[in-house]
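Undergrad: Residue numbers (the working numbering), protein chains in the order written: chain A, 1 to 99; chain B, 1001 to 1141.
The structure is reproduced here in structure tokens:
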């Protein structure tokens, strides 16, 4: 299946586009999607660790199985206004809250 | 979308009175509004202006989710949230939250909770533009 992954803010600028197309086998999970993006979009790869995958406008777990009809988005890191370095820590905390 | 939504994004200048009017309720003796303004300096750097980008649809849905959380926690059903998108000048409001409640204590608490939650779950990012550069710095600040 072919999925369109919407990108925002820093991810959109890095990729140079508002979305990317990703080809995945049936039954692929959110984790598979991230791995495929890392392989096919080197510009995004370094930032994926802090990305928050979203399915149909809800934060998604790595194990969730994708459907061709899903609206997929990859959200850049969260931050309370601080710059880059504390970002990963902050994000991990947020992810724990949410996931 | 209704004509007067309680959770919305706009490129226009924000007006606290309009947001407060969306939570108008004769049963409520308190309305607390939070206004987040664009600061002139951040982390020691002079900010030229800010640009906000949202994931439309999801952003409003997450604002509504925060209102549901407030309803569960405080029993308050009158919450309105608006966020600017696009270019925002120094001193302009980037977000306004209004919470109405029969008594003031719950309205203050719920409004504080709402702004903290906006930073956690509402997909809006801020690009800080200086005279000599720019950086995306997260969902909200």
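Don't be surprised by glycine CBs; every beta carbon is placed ideally from N, CA and C. Remember, predicted model here, so these are calculated numbers, not experimental data.
Under a three-way DSSP split, which group does residue 1078 (chain B) fall into?
TA: The answer is strand: DSSP assigns residue 1078 (chain B) an E or B state.
Undergrad: Looking at chain A, is there any beta carbon in it that lies within less than 8 Å of the beta carbon of residue 1136 (chain B)?
TA: Answer yes: the Cβ-Cβ gap between residue 1136 (chain B) and chain A drops below 8 Å somewhere.
Undergrad: Residue 57 (chain A) CB to nearest chain B CB: under 8 Å?
TA: Yes, its Cβ sits closer than 8 Å to a Cβ of chain B.
Undergrad: What does DSSP give as the partner residue(s) for residue 20 (chain A) in the beta ladder?
TA: DSSP, once it has assigned bridges, lists A:5 as partnering residue 20 (chain A).
Undergrad: Please tell me whether residue 30 (chain A) and residue 68 (chain A) are closer than 8 Å, where the distance is taken between their beta carbons.
TA: It is not a contact, given that the beta carbons lie outside the stated cut-off.
Undergrad: Going residue by residue through the region 35–77 of chain A, where are the continuous beta strand (DSSP E) segments of at least 3 residues, counting only ones entirely within it?
TA: With a minimum length of 3 residues, the continuous beta strand (DSSP E) runs that stay inside the region 35–77 of chain A are 52–55, 72–75.
Undergrad: Run through the region 1046–1125 of chain B for me and flag every whole beta strand (DSSP E) of 3 or more residues, listed as ranges in chain order.
TA: Runs of the beta strand (DSSP E) inside the region 1046–1125 of chain B: 1049–1054, 1078–1084, 1086–1088, 1093–1101.
Undergrad: Between residue 1126 (chain B) and residue 1048 (chain B), what straight-line distance do the alpha-carbon atoms span, to the nearest angstrom?
TA: About 13 Å.
Undergrad: Keeping to the same chain, check which residues put their C-beta closer than 8 Å to that of residue 83 (chain A); ignore five residues upstream and five downstream.
TA: Any reading at residue 83 (chain A) is ruled out, since the residue's pLDDT is 34, under 50, leaving its predicted position unreliable.
Undergrad: Kindly indicate which three-state DSSP category residue 1023 (chain B) falls into: helix, strand or coil?
TA: DSSP places residue 1023 (chain B) in coil when its eight states are reduced to three.
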